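A short worksheet on the structure shown next.
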Amino acid sequence: MRIAPKYTQRIAIALLGGATLLTLLVLLFIILFVLEKGLPAVTWQFLSQAPRDMGRSGGIFPVIVGTFLLPLLAIAIALPLGVGTAVYLTEYTRETRLTRVIRFGTDCLAGIPSIIFGLFGFIFFVVILGFGWSLLSGGLTLALMILPTIIRTTEEAIRAVPNTFREVSFSLGATRWETVLHVVLPNALPGIATGIMLSLGRSIGETAAVIFTAGSALRMPTSVYDSVRTMAVHFYLLAREGISNENAYGTAAVLILAVLGVNLTAYWIMNRFVGRHT
Amino acid sequence: MTASTQTKVDVQAFNLHYGAFHALKNISIKFVDRKITALIGPSGCGKSTLLRCLNRMNDLIPTVRTEGRILLDGRNIYGSDIDVCDLRKKVGMVFQRPNPFPLSVRDNVSFGLRVAGQSDPAQVDAVVERSLRAAWLWDALSDKLDEPALELPLDQQQRLCVARLLAIEPEVILMDEPCSALDPIATSRIEELMLDLRRQYTIVIVTHNMQQAARISDFSGYMLLGDLIEYDVTKTLFTSPRDPRTQDYISGRYG
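First to last, the sequence lines map onto chains A and B. Position in the first sequence (first residue = 1) + 25 = our numbering. Position in the second sequence (first residue = 1) + 1464 = our numbering.
Shown next as structure tokens:
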């Protein structure tokens, strides 16, 4: 039996709308759940003081600092490498077997579980290179982890730059590098920014790769050779070792708000930026 | 027509292949200094390809192979001693569709300067004003320099592209159907501009519009299937063509 188009239309709207609603509800539930359990612990003291007694009391200030320093270091390392690779793959080579292999490689890299990165980072950066559990080891490990994302999003952004722009630039006597610098990258910037934000989000919440490489020291770091603890790791240790459920949820609430804040800032910056161009 | 016929660009027995396709067949043509030369012919005849040989834009297509020489002021632009970027600064191009960058009017015109590393604001402003004046845009845009170029009407966008080109001080201007996206009034503005630019620049225009070729050009070449069939003073070519194929085309029996 055939259902009249009028009804299939309604059923489609109901199903698709329902799926969207369910997704939103789950998301909302998780956020509200964490905030509800965690926010009571979040006070000014919690945000501004150092932890005492392994985090049983006191605040999480050094942990917040570590949470932001580590991804920023990772992006500072991965951005030039990733953008450079993407520019090379899109602007300087023709599509060959080699570029396909490179692209396949980066895709594989993206699919590797983060704990493997952690293990590699531990063996290579912490032990072999002797950086110890440190911001540097953690930053390098996270950089490797987010590199595929940065390469991929930058590649997509570069491909989206209309070819006529390049043609005009060449016709005005610009070299390939000048064209990349003055035409391709500025126009790809919103896309590259998206990649940075995705990477930032992924690395802020990363636990497995970080705990093996950056360690879990509760002190305030004073150099890149100091160990740091991120909020995700702090949460994991507090909950896992039963130190303080209250402070664990407090940390989770701050982490969620931080990620939310980072994303909102990113959207705001991107809107401003894109608005300037068109 | 004046008697001055100094050759600016001299194409000598030039061939071009796209892979196995022979797109330009033994073309020899001289483009005269400070004159407008129109290349006409049906779609696919090779006129745009020939145009793009003059600033080596065809180099960007991987399968292209060329033979023969093209002399600019007596120097072979396909010679090994030629810097393609320098060549393109001398032989500039205006494209079929207006294609300003998604930047302000000022940043479009000063693009070439920025690439060259010129950042002195007074210098940039001077070049922007001079170029916009030369493209007949200064009166319309002098108070809109910081507005987005993409919001201008199409014919202003196209003249902005001309201004962007004039800012790098070319000697030859190649125009690839510059009016095909424009309405008749906008077209006539571009044509008047071209007649004005002829005083300083050598202009080669590819056009589908035979009236346009007849109106503005000093010399015309008719191309068909990769051959240059006939090349002459425009008036002669349009009133008494020597080749029957040219006759067919200009009388509308072909294409």
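Each residue gets a CB set at the ideal place from its N, CA and C atoms; glycine is no exception. Since the structure is predicted, the reported quantities are computational estimates derived from the model, not experimental observations.
Does any C-beta atom of chain A lie closer than 9 angstroms to the C-beta of residue i?
i	result
Leu1480 (chain B)	no
Cys1625 (chain B)	yes
Arg1552 (chain B)	yes
Val1473 (chain B)	no
Pro1566 (chain B)	yes
Val1636 (chain B)	no
Ile1632 (chain B)	yes
Val1579 (chain B)	yes
Thr1466 (chain B)	The predicted model places Thr1466 (chain B) with a pLDDT of 46, which falls under 50 and marks its position as unreliable, so this point remains unresolved.
Cys1509 (chain B)	no
Phe1559 (chain B)	yes
Leu1535 (chain B)	no
Would residue i count as contacting chain B if we go by Cβ distances under 9 angstroms?
i	result
Ala182 (chain A)	no
Thr115 (chain A)	no
Thr200 (chain A)	yes
Val208 (chain A)	yes
Asn296 (chain A)	no
Glu203 (chain A)	yes
Ala29 (chain A)	no
Asn270 (chain A)	no
Asn212 (chain A)	yes
Can you tell me whether residue i is helix, strand or coil according to DSSP?
i	result
Thr1501 (chain B)	strand
Pro187 (chain A)	coil
Tyr250 (chain A)	coil
Arg1552 (chain B)	helix
Asp1603 (chain B)	helix
Met245 (chain A)	coil
Asp1640 (chain B)	strand
Ile89 (chain A)	helix
Leu1609 (chain B)	coil
Asp1707 (chain B)	coil
Leu1480 (chain B)	strand
Gly216 (chain A)	helix
Asp1712 (chain B)	helix
Leu22 (chain A)	The question about residue 22 (chain A) has no answer here: the residues shown for chain A are numbered 26 through 303.
Ser1652 (chain B)	helix
Asp1619 (chain B)	helix
Asp1584 (chain B)	coil
Thr131 (chain A)	helix
Thr1471 (chain B)	strand
Ala1487 (chain B)	strand
Ile55 (chain A)	helix
Ile221 (chain A)	helix
Arg77 (chain A)	strand
Val67 (chain A)	coil
Gly198 (chain A)	coil
Ser1745 (chain B)	Given a span of 1465 to 1719 for chain B in the structure shown, any question on residue 1745 (chain B) remains unanswerable.
Residues of chain B with a CB under 7 angstroms from the CB of residue i: which are they?
i	result
Thr119 (chain A)	Note that residue 119 (chain A) is Arg in the sequence shown, not Thr. Going along chain B in sequence order, the residues near Arg119 (chain A) (Cβ under 7 angstroms) are Pro1526.
Could you list which residues in chain A have their beta carbon closer than 9 angstroms to that of residue i, in chain order?
i	result
Leu1629 (chain B)	Ser196, Leu197
Asn1563 (chain B)	Pro187, Thr189, Phe190, Glu192, Val193
Gly1556 (chain B)	Ser196, Leu197, Gly198
Gly1576 (chain B)	Leu197, Gly198, Ala199
Met1521 (chain B)	Glu192, Phe195, Ser196
Using a Cβ-based criterion (distance less than 8 angstroms to any ligand heavy atom), does residue i qualify as near the ligand SAH?
i	result
Ala1650 (chain B)	The ligand SAH is not among the ligands present in this structure, which contains no ligands whatsoever.
Show which residues of chain A have a CB atom less than 7 angstroms away from the CB atom of residue i.
i	result
Gly1505 (chain B)	What Gly1505 (chain B) touches in chain A: nothing, since even the nearest Cβ is about 22 angstroms away.
Cys1517 (chain B)	The premise fails here: Cys1517 (chain B) is roughly 13 angstroms from chain A at the closest Cβ pair, so nothing lies under 7 angstroms.
Taking C-beta pairs closer than 8 angstroms, name the residues in chain A that residue i reaches, listed in chain order.
i	result
Cys1643 (chain B)	Neighbours of Cys1643 (chain B) on chain A: none; closest Cβ ~17 angstroms, over 8 angstroms.
Against chain C, does residue i count as a neighbour if the rule is that its beta carbon must be under 9 angstroms from one of theirs?
i	result
Ile127 (chain A)	Structure shown: chain C not included; protein chains present are A and B.
Quick check: the region 222-233 of chain A against the region 1661-1671 of chain B, are at least 3 beta-carbon pairs closer than 8 angstroms? no
List, from N- to C-terminal side, the alpha helix (DSSP H) runs of 4 residues or more that fit wholly inside the region 1660-1702 of chain B. 1674-1680
Write down every uninterrupted run of the alpha helix (DSSP H) in the region 139-181 of chain A whose length is 4 residues or greater and which is fully enclosed by it, in chain order. 139-146
Should the region 244-254 of chain A be called in touch with the region 264-281 of chain A, which here means at least 3 C-beta pairs below 8 angstroms? no
Only counting runs of 3 or more residues, tell me where the beta strand (DSSP E) segments fall wholly within the region 1509-1581 of chain B, in order along the chain. 1528-1536, 1555-1558
Closer than 8 angstroms is the cut-off here; do at least three beta carbon pairs connect the region 1585-1602 of chain B with the region 1514-1524 of chain B? no
Would the region 1628-1636 of chain B and the region 1566-1585 of chain B be scored as touching if the rule is three or more Cβ pairs under 8 angstroms? yes
Below 8 angstroms, how does it come out for the region 117-133 of chain A and the region 213-227 of chain A: are there three or more Cβ pairs, yes or no? no
Contact the region 269-284 of chain A vs the region 168-176 of chain A: 3+ CB pairs below 8 angstroms: no
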